[in-house]
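Worksheet: one structure, shown below.
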Amino acid sequence: MRVVLGPMSARDLDEVERIAGVSFAPPWTRAAFEGELGSPIARCSVARSAAEGESGEGPLVGFAVARLLGPEAELLSIASAPSVRRLGVGRALLVELLDDLDGRAVEACFLEVRAGNAPALALYESHGFARLDVRRAYYEDGEDALILVRRSTSAT
Ligand SMILES: CC(C)(COP(=O)(O)OP(=O)(O)OC[C@H]1O[C@@H](n2cnc3c(N)ncnc32)[C@H](O)[C@@H]1OP(=O)(O)O)[C@@H](O)C(=O)NCCC(=O)NCCS
């Protein structure tokens with residue numbers, strides 16, 4: 006599906022919260038999103054649907070939150086609305102983030118993902134992320150966390 010990507014603003018938070026609420030257990034609180042929005046090192050983006058021939062932007066269909074930490078970055082959260090999954094929204098958000106990181110000469114982007122989250126792992130691994138470490142029983146329900154890293158090809 007065609008999407009318009011842009012920075013997240015406070016006006017987006019109702020829709021962002023709705024998607025987070027049906028995508029994560031437990032989801033981030035509104036205060037957590039507000040904290041990232043107010044942080045100088047955060048990079049928060051949203052995807053809105055853009056139907057063919059439509060002049061404006063449609064509903065919010067996904068978001069991504071990352072932190073920029075000098076030569077490194079961390080992808081903290083990414084989700085697309087369940088009704089539009091597998092239509093390219095997650096990939097669009099990730100590619101836009103990674104292109105921006107490459108433009109800023111960020112050398113490595115880290116993230117943490119549940120070992121059983123096959124959709125997310127497939128998305129990340131198709132964009133250059135590789136497994137760096139496992140945190141055994143990291144989540145409250147006992148599931149392992151995988152730490153993935155994508156190193157910039159231009160980094161020395
Ligand atoms: C992970 C997530 C963001 C993917 O978003 P999406 O909009 O469905 O992703 P896309 O349609 O752009 O898919 C891109 C690629 O991801 C992989 N993928 C996505 N969904 C998949 C699924 N259900 N099974 C296997 N691979 C999948 C595929 O490689 C896919 O490429 P392809 O469709 O060409 O095969 C989405 O499933 C989501 O919001 N999940 C809940 C929140 C979450 O787990 N976030 C990640 C936390 S670390």
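Under our numbering, the very last position in the sequence shown is 161; numbers go up by exactly one each time. Every residue, glycine too, gets a C-beta built ideally from N, C-alpha and C. All figures in this text were calculated on a predicted structure; none of them were measured in a lab.
inquiry  = Give me, in chain order, the residues of the same chain whose beta-carbon lies closer than 6 Å to that of L116; leave out the 5 immediate sequence neighbours on both sides.
reply    = Residue numbering aside, residue 116 sits at position 111 when the sequence shown is read from its first letter. So the list reads L80, L153, once near-sequence residues are dropped.
query = Which ranges does the beta strand (DSSP E) cover as unbroken runs of at least 3 residues, wholly within the stretch 74 to 160, from first to last along the chain?
reply = You should have 77 to 85, 113 to 119, 135 to 140, 150 to 156.
task = Pair every Cβ in the stretch 139 to 147 with every Cβ in the stretch 101 to 116, then say whether three or more of these pairs are closer than 8 Å.
result = At 8 Å Cβ cutoff, the stretches do not touch.
Residue range of the unbroken beta strand (DSSP E) whose run includes A37 = What you label residue 37 is simply residue 32 of the sequence shown in a count that begins at 1. Going by DSSP, A37 is part of no beta strand (DSSP E) but of the alpha helix (DSSP H) stretching over 35 to 42.
inquiry  = Which same chain residues end up closer than 7 Å to D182 when comparing Cβ atoms and leaving out the 5 residues on each side of it in sequence?
reply    = No answer is possible for residue 182: it lies beyond the span of the chain, which begins at 6 and ends at 161.
ask   = Given a threshold of 16 other Cβ atoms within 10 Å of its Cβ, counted over all protein chains shown, does G95 qualify as buried or as exposed?
value = As a working mapping, residue 95 is identified with position 90 in the sequence shown. Result: buried.
inquiry  = What I want to know is whether the C-beta of A150 ends up closer than 7 Å to one or more non-hydrogen atoms of ligand 1.
reply    = One-based indexing of the sequence shown puts residue 150 at position 145. No, the beta carbon of A150 sits no closer than 7 Å to any heavy atom of ligand 1.
task = Could you check the C-alpha separation between D104 and R90 for me, to the nearest Å?
result = As a first step, residue 104 is located in the sequence shown; it is residue number 99 there, counting from the start. As a first step, residue 90 is located in the sequence shown; it is residue number 85 there, counting from the start. Each residue's Cα considered, the two are about 22 Å apart.
ask   = First and last residue of the beta strand (DSSP E) that includes A47?
value = Against the sequence shown, residue 47 aligns to sequence position 42. Looking at the DSSP string, the run of the beta strand (DSSP E) that includes A47 is 47 to 54.
query = From what residue to what residue does the beta strand (DSSP E) around G11 run?
reply = Here residue 11 corresponds to residue number 6 of the sequence shown, with the count starting at 1. Element bounds for G11: 8 to 12.
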